[in-house]
Amino acid sequence: MWLLVVSAPLLPAIFMVSRRYRVKVSALCHRALAWALRLLRGRVCVKSTHAFVFSRCTHGKADSVLQTYDLYADTHPSLCISPHMSGVLEEVVQRVRPPMVLELGMHCGYSSVRLLRLLPPAGRLITVELDPLTAELGEEIILVSGFKHSQFQVLTSSSAEAIHTLPSLLTDLDEGSSEGFSLVLMDHDPQQYLPDLLSLEREELLRPSGCSVLLIHRKQRDLREILDHIGARPDCYCIKSERQGVTEIFCQKGSTGLDR
21 MWLLVVSAPL LPAIFMVSRR YRVKVSALCH RALAWALRLL RGRVCVKSTH AFVFSRCTHG
81 KADSVLQTYD LYADTHPSLC ISPHMSGVLE EVVQRVRPPM VLELGMHCGY SSVRLLRLLP
141 PAGRLITVEL DPLTAELGEE IILVSGFKHS QFQVLTSSSA EAIHTLPSLL TDLDEGSSEG
201 FSLVLMDHDP QQYLPDLLSL EREELLRPSG CSVLLIHRKQ RDLREILDHI GARPDCYCIK
261 SERQGVTEIF CQKGSTGLDR
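According to the working numbering, the sequence shown holds residues 21 to 280 in order.
Below, the structure is given as structure tokens:
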């Protein structure tokens, strides 16, 4: 009885604290559930896409692999970038002619194959994928397309962890790779776009003479944070193009008056 009397004045505070943390816990649970569902849907999509492409494409032919991907995407939900996005990607690769490309977010291997088929003979792709199963199936599709391990490398880790290891990895590669990347494709978690761009800067992985960064997005608001950062640093960045689902930014260290 005395406990009730003593605790009565504290009830409003207890109620407020419990309500406050209940909201936070609920929000955390919702985010965790959403992440789990995205991962599950992603894995199902990757498995079904891989099975379709692997069984129907002509092995050793990159064009056949891409055509089979497009055939699958016509009738199934897919994580592949759209044909419009693919056109933008190919136009940028042909213009930049990058010797080294970094891809964050491998998914089914579709964009990896598109990148590799347009790189110069000595070009190299480093692609990063968080989910081990997705990385394994995507790598198999790259090999089925006719490319060799000497032309690409798959890193199975978070983008943040991969970026941290890239300086030592590039040092071990062929001459010229130490200059960094002249093309970066970001097609992973949009919330990681800005942190990863800042990490690439800190690690000096963006080629000082200029690097194009392609941001794949399904909703324009996904880019709000990174575009605010770019807008605040006109001496280093400019938006080169904005087309449906693809925004290209150009980074050049220590430059002013970048052409838009």
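C-beta: ideal position from N, C-alpha, C; glycine also.
- In this structure the region 198-211 touches the region 121-140; the number of beta carbon pairs closer than 8 Å is three or more.
- In the DSSP annotation of this structure, the continuous segment of the alpha helix (DSSP H) that includes arginine 244 starts and ends at 244-251.
- Setting aside the 5 residues that flank it on each side, glutamine 212 is surrounded in the same chain by Ser179, each with a C-beta closer than 6 Å to its C-beta; the list follows chain order.
- Restricting attention to alpha helix (DSSP H) runs no shorter than 4 residues, the region 62-95 encloses them at 82-95, ordered along the chain.
- In the three-state reduction of the DSSP assignment, arginine 238 falls in the coil class, being assigned neither a helical nor a strand state.
- For alanine 182, the CB contacts under 6 Å within the same chain, skipping 5 residues up- and downstream, are Val148, Leu175 in chain order.
- The Cβ atoms of histidine 79 and valine 133 lie no closer than 8 Å to each other.
- Ranked by how close their Cα comes to the Cα of histidine 249, the residues Gly230, Glu223, Phe167, Leu218 have Leu218 in first place.
- Under the DSSP assignment, glutamine 114 falls in the alpha helix (DSSP H) whose first and last residues are 103-116.
- Between glycine 230 and histidine 104, the C-beta gap is not smaller than 8 Å, which leaves the two residues out of contact.
- Within the DSSP secondary-structure output, threonine 267 pairs in a beta bridge with Leu235, Glu262.
- Your pair arginine 76 and threonine 95 does not check out as a contact, with CB atoms roughly 12 Å apart and the cut at 8 Å.
- The beta-carbon separation of histidine 237 and threonine 267, rounded to 7 Å, stays under the 8 Å limit for a contact.
- The DSSP-derived three-state label of glutamate 223 is coil.
- Taking a C-beta distance under 8 Å as the contact criterion, arginine 137 and alanine 82 qualify as a contact pair.
- When C-alpha distances from tyrosine 92 are compared across Leu186, His70, Arg253, Ile146, the shortest belongs to His70.
- Annotation for leucine 124: the continuous beta strand (DSSP E) segment containing it runs 120-124.
- Note that the C-beta distance between leucine 153 and valine 66 is below 8 Å.
- A straight line joining the alpha-carbon of lysine 273 with that of valine 108 spans about 24 Å.
- In the same chain as proline 140, and ignoring 5 residues on each side of it, the C-beta atoms closer than 8 Å to its own belong to Arg117, Pro119, in chain order.
- Listed in chain order, the non-local C-beta contacts of phenylalanine 72 below 6 Å within the same chain comprise Tyr92, local neighbours out to five positions each way being set aside.
- Around the C-beta of alanine 252, fewer than 16 other C-beta atoms lie within 10 Å, and the residue is accordingly described as exposed.
- Taking 8 Å as the cut-off, the beta carbon of isoleucine 259 is found closer than this to the beta carbon of isoleucine 269.
- Shown here, arginine 144 sits in a strand according to DSSP, grouped into three states.
- In this structure, the alpha-carbon of proline 228 lies about 27 Å from that of histidine 169.
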